[in-house]
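Notes follow the structure.
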Amino acid sequence: MKRPDERSDRYDPHAIERRWQAVWADEGTWQVPNPGEPGFDPGARKSYVLEMLPYPSGEPHMGHLKNYTMGDVLAHYRRRNGMLVLHPMGYDAFGLPAENHAIKTGVHPAQSTNASIEEFRRQFGSWGISIDWRREFGTHEPRYYRWTQWIFVKLYEQGLAYRRLAPVKWCPKDQTVLANEQVVDGCCERCGTPVVVRQLEQWFLKITDYADRLLEDFKLLESWPERVVTMQRNWIGRSEGAEVSFRCPEPEIEFPVFTTRPDTLFGATFFVLAPEHPDLERLVQGSGHEQEVTEYVQRALKESTEERADTEREKTGVFTGRHVVNPVNGESIPVYVSDYVLMEYGTGAVMAVPAHDQRDFEFARKFGLEIRRVIEPVHGEISEDEAFVAHSGQERLVNSGPFTGMTAPEAIKAITEWLAERGLGRPAVNYRLRDWLISRQRYWGTPIPIVYCDKCGMVPVPEDQLPVLLPEIEDYAPKGKSPLAASEEFVNTTCPSCGGPARRETDTMDTFVDSSWYFLRYCDANNDSAPWDKGAVDHWMPVDQYIGGVEHAILHLMYARFFTKALADMGMLSFLEPFASLFTQGMITYQGAKMSKSKGNVISPSAYVERFGADTARCYILFLGPPDQDANWSDEGVGGVHRFLGRVWRLGEEVAERAAGRGAEPPESSQLQGAPLELARKANWAIAKVTDDIERFHFNTALSALMELVNDAYRLKEELYGDETGERALSFATATVASLLFQFAPHLGAEVYDRIAGARVWETPWPEADPRLLERDVMALVVQVNGKVRDRIEVESGTAEEELKRLALERPNVQRHLDGKQVLKEVVVPGRLVNFVVR
RNA sequence: GCGGAUGUGGCGGAAUUGGUAGACGCGCCGGCUUUAGGUGCCGGUGGCCGAGAGGCUGUGGGGGUUCGAGUCCCUCCAUCCGCACCA
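Quick note on numbering: this note's numbering labels position 666 of the first sequence as 666, and the sequence is numbered without any gaps.
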């Protein structure tokens with residue numbers, strides 16, 4: 001007697017998957033030519049389908065499976081719709097985790113990274129992802145980072161990369177600076193250590209030059225999630241207002257402030273400087289308040305970013321003993337120093353209007369300062385809270401000299417003009433966005449290609465001397481300066497300009513620089529005379545569909561947009577936005593929680609691929625739910641999808657035997673009736689449904705549609721065998737299942753299609769539903785009384801309204817509910833329902 | 001505090017424009033596969049009442065618009081995410 005696992009009719013995913021993977025690898029099936037290369041079809045539409053490149057650490061996780069499966073579905077779907085599809089893969093290989101691992105274990109980051117890349121590559125292969133592997137690279141390879149350095153030099157030449165002494169966020173644990181974007185709640189995004197502020201000479205990229213265009217060009221995007229756009233918009237934080245000058249007569253210092261509310265200028269009753277304000281010391285000198293101010297500043301600077309950011313705590317501050325003049329009324333107002341004013345926003349100084357600003361109000365109340373209301377509603381009273389927020393046409397100025405009586409919006413304009421005419425202010429726009437700090441005092445990154453020469457100063461490394469290779473070093477442990485500084489032969493070099501002795505920059509670049517242009521390199525990955533050929537990039541770009549996690553909503557996506565614009569401005573690209581459409585996927589959780597090593601609930605795709613096969617793992621992760629939402633992986637659930645694929649396989653085997661040679665062509669639709677018609681209809685319904693669902697990223701419902709089709713095939717198949725038309729319908733339906741399933745479960749789809757049609761499904765155009773089979777000749781008419789369903793009738797499609805009403809009234813259950821009542825209204829929705837409104 | 005999202009059976013989820021709520025899957029219950037199955041096939045499965053026909057009820061709570069609301073409007077609650085002393 002045969003044990004179940006020995007049965008010959010058992011779905012064996014591993015044999016099937018191995019077989020088709022070998023075909024695709026041998027034939028290079030998913031390679032796509034560039035313009036001018038053999039096989040390139042200038043008439044075909046292009047589509048660039050890209051998933052965010054993985055950071056290779058350990059082995060791939062469930063998020064990767066989801067990400068690359070989604071992309072693969074689209075890539076296949078678009079290929080079969082006649083498009084030339086670019087679907088590449090690479091690795092974001094530089095970065096701190098590999099380096100920290102190296103410090104712990106002594107294994108060189110290159111070694112662990114490469115081992116991980118090999119594992120990623122192997123698993124992507126085992127998942128059957130359709131990649132053009134000729135375009136693969138890691139960002140840590142000199143043949144790649146050579147061009148990262150090249151781009152840096154170009155940015156430098158444009159004045160978009162610059163070096164300056166700046167207060168920077170420093171992570172004491174990682175011993176490196178962080179970009180503003182990498183500081184979360186005052187802590188290092190990576191390790192959670194509270195960050196401190198340090199003054200350092202650092203490299204910045206001038207992303208602020210592009211703030212307006214980063215906002216403006218959202219309109220060029222085809223399809224981005226609204227919330228990602230909103231997040232970026234908030235991050236850039238553009239606000240319009242005015243810059244207004246407050247002058248201190250003694251000592252003579254000008255203090256410009258930024259305000260969005262110039263209409264409240266007459267309500268400014270005091271003035272506040274940030275503790276870090278550079279003019280503070282000079283201001284206080286000789287005021288008699290030096291000691292209190294110094295003490296306060298010392299205390300404020302010692303506090304962590306976290307503590308200072310707490311909005312709940314009471315306002316603190318001290319009087320400086322100085323006054324500044326309010327330019328609109330010449331009034332002298334006292335100057336305070338307080339930590340609620342931030343040096344990094346605006347000018348580090350604010351005019352305080354306690355009647356119309358919550359924070360100023362709190363400060364004024366604590367220090368007993370005047371609160372002067374200058375805005376009042378046109379109608380009615382305004383509560384204290386409301387006074388802080390809105391300024392609309394519904395409010396008018398009071399106590400505001402010549403501007404009294406104007407509405408708030410009018411006054412904003414008038415006061416700003418008045419100031420500008422007198423050289424006391426001007427309209428101004430302010431941003432929350434800061435320049436991008438890219439220096440990292442770490443080893444495992446792209447060296448910054450700059451040389452310091454005593455004679456020539458800062459000299460960028462010329463193109464023919466790139467790449468500046470990352471040297472082999474003994475000790476990469478962080479010491480507060482870059483480990484590269486310890487390598488004498490790296491640091492000491494000759495000046496590219498004068499040939500004299502010079503020293504290299506020893507910082508490396510933030511890894512986000514590496515990933516800000518990788519999508520361009522895929523277009524021409526093996527070019528060793530340029531970062532890319534413009535023709536190739538202009539052909540493939542922009543990415544038509546980008547897919548990745550929301551966690552990159554701000555950082556990566558904004559940096560990549562910035563790079564694209566900067567490179568386009570240099571004439572190197574002919575488009576302004578890198579990613580036309582963006583899809584952000586939800587997280588995969590396990591046991592209801594985010595997977596993490598500390599929780600011990602990490603599961604790996606490879607375990608499921610080994611047990612059930614890649615097709616099951618791929619389908620299950622998509623069947624789990626809508627892909628933009630978080631979804632919980634459950635071990636019971638996988639079994640259900642695996643059973644479904646087993647059913648597909650057995651159906652394929654059985655049909656290939658019992659309806660041999662019937663092929664994939666649909667039977668002539670005009671002759672169909674009964675079971676063959678029903679199944680042919682279902683198959684056409686599935687074609688339409690799956691097509692639509694893929695377009696809408698509703699992969700879960702596409703798979704349910706296929707399950708329904710398979711269920712119907714099982715239910716009807718015994719009836720269909722032995723009859724020419726029946727067998728053709730069954731064979732067609734089964735081939736359709738395989739064809740539609742191929743995108744999700746490529747191996748099984750290819751196998752079953754091959755068994756039935758003797759053809760390669762990926763070379764078969766995407767099927768189109770036969771419109772004649774999408775129409776129903778009978779439909780279920782719902783009969784309602786007062787909106788409640790009382791019966792359902794099978795009626796012929798196209799039955800006239802009067803006839804529908806007549807048929808509905810005949811039904812006994814409808815009669816019962818109408819009995820003795822007066823019909824007030826009859827609602828007929830053709831093709832759907834009849835509703836009698838009675839009393 | 002501001003902004004955004006989500007809330008539907010025991011569970012994951014379905015329901016393009018307002019028109020049969022619960023597709024599909026998991027789980028559970030039952031039947032068949034002349035013996036066993038962590039196999040396969042078939043059927044049932046929101047709750048309550050009822051022998052049945054059928055009835056009542058039901059999409060986080062409350063209210064509204066409509067012949068008809070998971071879907072639209074108002075309001076409240078809960079959970080999650082982003083930003084947060086941004087002048």
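Quick reminder that beta carbons are idealized off the backbone N, C-alpha and C, glycines included. Please read these numbers as outputs of a predicted model, since none were measured by experiment.
Report back the beta-carbon spacing between residue i and residue j to the nearest angstrom; my notes put them in contact at under 8 Å.
i: G586; j: M52; result: About 14 Å; that fails the 8 Å criterion.
i: L86; j: A44; result: In fact, because the Cβ distance is near 12 Å, the residues do not count as touching under 8 Å.
i: S581; j: S223; result: 4 Å
i: Q441; j: D507; result: 6 Å
i: T494; j: A502; result: 6 Å
Determine which residues share a DSSP beta bridge with residue i and list them.
i: S245; result: P256
i: I547; result: E51 and F583
i: C453; result: G457 and A502
i: E826; result: F836
i: Y11; result: Answer is none; Y11 lacks a bridge partner.
i: D791; result: V783
Between the Cα of residue i and those of the options, spot the shortest distance and give me the residue it belongs to.
i: K565; options: I151, Y753, G138 and P812; result: I151
i: K302; options: E240, R198 and D819; result: R198
i: L804; options: K821, R816, W24 and G831; result: G831
i: A530; options: P467, S574 and S482; result: P467
i: P225; options: G661, D628 and N430; result: D628
i: D217; options: F575, G674 and P626; result: F575
i: G330; options: G401, E489, E505 and P142; result: G401
i: E636; options: G321, G106, Q591 and M343; result: Q591
i: V328; options: Y336, T347, I371 and T416; result: T416
i: R372; options: Q123, A485, V398 and T691; result: V398
i: F512; options: R561, E295, P478 and L200; result: R561
i: N684; options: R647, A735 and R643; result: A735
i: A31; options: Y522, A568 and N786; result: Strictly speaking, residue 31 in this sequence is Gln, with Ala absent from that position. Comparing Cα-Cα distances from Q31 to each of Y522, A568 and N786, the minimum goes to Y522.
i: Q158; options: F137, R190, G125 and I207; result: I207
i: Y91; options: R432, A420, F137 and F271; result: F137
i: L774; options: S239, A686, P483 and A25; result: A686
i: K534; options: A568, I554 and T316; result: A568
i: R806; options: L833, F363, N786 and A769; result: L833
i: Y162; options: Y714, I473, A713 and M458; result: M458
i: P54; options: M89, P33, G646 and K46; result: M89
Quick check: what's the CA-CA separation for residue i versus residue j?
i: P542; j: V655; result: 44 Å
i: R308; j: S439; result: 26 Å
i: E801; j: D819; result: 22 Å
i: N835; j: F697; result: 35 Å
i: D5; j: N601; result: Residue placement at D5 cannot be trusted, given a pLDDT of 40 that sits under 50; what the coordinates show is reported in the next sentence. So the alpha carbons of these two residues sit roughly 30 Å apart.
i: S8; j: A15; result: Low confidence applies here, because S8 scores a pLDDT of 49, under 50, leaving its location unreliable and the question unanswered by this model.
i: E810; j: R776; result: 23 Å
i: L437; j: Y345; result: 16 Å
i: V196; j: N180; result: 12 Å
i: E719; j: R662; result: 16 Å
i: G652; j: G71; result: 27 Å
i: P256; j: V350; result: 8 Å
i: Q244; j: V429; result: For the sequence presented, residue 244 should be read as Val rather than Gln. Looking at the two C-alpha atoms, the distance is approximately 12 Å.
i: A680; j: H539; result: 41 Å
i: K594; j: G425; result: 52 Å
i: W203; j: L220; result: 30 Å
i: Q123; j: R618; result: 12 Å
i: D754; j: S57; result: 38 Å
i: V847; j: C191; result: Since the first residue of the chain shown is 1 and the last is 839, residue 847 is not available in this structure.
i: V778; j: E678; result: 12 Å
i: W147; j: F120; result: 24 Å
i: D475; j: A93; result: 20 Å
i: V325; j: F246; result: 6 Å
Regarding residue i and the ligand FMN, is the C-beta to nearest heavy atom distance less than 7 Å?
i: T316; result: Looking for the ligand FMN in the displayed structure turns up nothing, as the structure carries no ligands at all.
**OP:** Report the residue ranges of all alpha helix (DSSP H) runs contained in full by the stretch 552-628; include only those spanning at least 4 residues, in chain order.
**Re:** Segments of the alpha helix (DSSP H) lying fully in the stretch 552-628: 555-569, 605-612 and 614-623.
**OP:** Ignoring anything shorter than 3 residues or poking outside the stretch 168-227, list the beta strand (DSSP E) runs there in chain order.
**Re:** Within the stretch 168-227, the runs of beta strand (DSSP E) at least 3 residues long that lie entirely inside it are, in chain order, 176-178 and 196-205.
Original post:
Enumerated in chain order, which unbroken segments of the alpha helix (DSSP H) with a length of 4 residues or greater are wholly contained in the stretch 710-775?
Top reply: Runs of the alpha helix (DSSP H) inside the stretch 710-775: 724-741, 746-757 and 771-774.
**OP:** May I have a chain-ordered list of the beta strand (DSSP E) segments no shorter than 3 residues that lie completely inside the stretch 406-449?
**Re:** Listed in chain order, the complete beta strand (DSSP E) runs (minimum 3 residues) inside the stretch 406-449 are 425-430.
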